[in-house]
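Only one structure is covered here, and it is reproduced in the block below.
In full-length UniProt numbering, the protein residues as written are 1 to 196.
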């Protein structure tokens, strides 16, 4: 299965990944003073719900809860990054979440009152399958966010191809080796028949 990684090519802080967690039940966005501080997700698991939290969910800040309906799925995330002096995202200023049923947010402000540079991001999942979130946390706050998608085709610089699973690669290599051996045995039999 081909997986693509949509997000900024460079991130500041500690990276995190929720790859493979696709059944979103609820998203909670923590924000204050025009910044996105943290995000938490409740995913459906095989036996019980899986809760992931990225950044510090401070109870003093605003918390926007987004419950997903059973037939609701993610189609796009968008917003603005605050860039550092090297041009890398170091803070998430705003976050909007679109689904096949609703648009939520954007949460945060999406602007800066200082000389810092901003960069807009928009990751469309469209007809492709959502395969999980990823991002980074810097100084206890969310600095970047992106998504994994299945079979996403684009020339965007913000898309990173994910290598196939090693188990899949091994299986494919074994299958190819088996085919080569079969062809070699067939050629050998044909050569023997021609000699006789």
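All residues carry an ideal CB built from backbone N, CA and C; glycine is no exception. Since we're looking at a predicted model, the values are computed, not measured.
Chain-order list of residues whose beta-carbon lies under 7 Å from that of residue i (same chain, five-residue window excluded)
| i | result |
| --- | --- |
| residue 144 | 7, 8, 11, 81, 89, 92, 135, 136 |
| residue 73 | 99, 100, 130 |
| residue 122 | 76, 78 |
Cut-off 6 Å between Cβ atoms - residues of its own chain near residue i, not counting five sequence neighbours on either side
| i | result |
| --- | --- |
| residue 52 | 18, 41 |
Residue i vs residue j beta-carbon contact at 9 Å
| i | j | result |
| --- | --- | --- |
| residue 95 | residue 108 | yes |
| residue 22 | residue 43 | yes |
| residue 25 | residue 67 | yes |
| residue 55 | residue 118 | no |
According to DSSP, residues forming a beta bridge with residue i
| i | result |
| --- | --- |
| residue 86 | None, per the DSSP bridge assignment. |
| residue 35 | 32 |
| residue 108 | 94 |
| residue 48 | The partner list for residue 48 (beta bridge, DSSP) is empty, contrary to what the question assumes. |
| residue 53 | 40 |
| residue 103 | 98 |
| residue 79 | 95, 121 |
| residue 141 | 138 |
CB contact check: residue i to chain C, cutoff 9 Å
| i | result |
| --- | --- |
| residue 102 | Absence of chain C from the displayed structure is noted, only one protein chain being present. |
Beta strand (DSSP E) segment containing residue i, residue limits
| i | result |
| --- | --- |
| residue 65 | 62-67 |
| residue 118 | 118-124 |
| residue 73 | Run containing residue 73: none; DSSP gives neither H nor E here. |
| residue 138 | 129-138 |
| residue 19 | Note, residue 19: premise wrong, no beta strand (DSSP E); not H, not E. |
CA-to-CA distance, residue j to residue i, given in whole angstroms
| i | j | result |
| --- | --- | --- |
| residue 139 | residue 132 | 23 Å |
| residue 45 | residue 69 | 16 Å |
| residue 3 | residue 150 | 5 Å |
| residue 34 | residue 120 | 15 Å |
| residue 20 | residue 84 | 30 Å |
| residue 71 | residue 146 | 22 Å |
| residue 124 | residue 97 | 10 Å |
| residue 105 | residue 47 | 31 Å |
Close beta carbons around residue i, own chain, < 8 Å, minus the five adjacent residues each side
| i | result |
| --- | --- |
| residue 57 | 28, 30, 37, 38, 40, 63 |
| residue 14 | 136, 137, 138 |
| residue 32 | 58, 60, 61, 62 |
| residue 49 | 25, 42, 43 |
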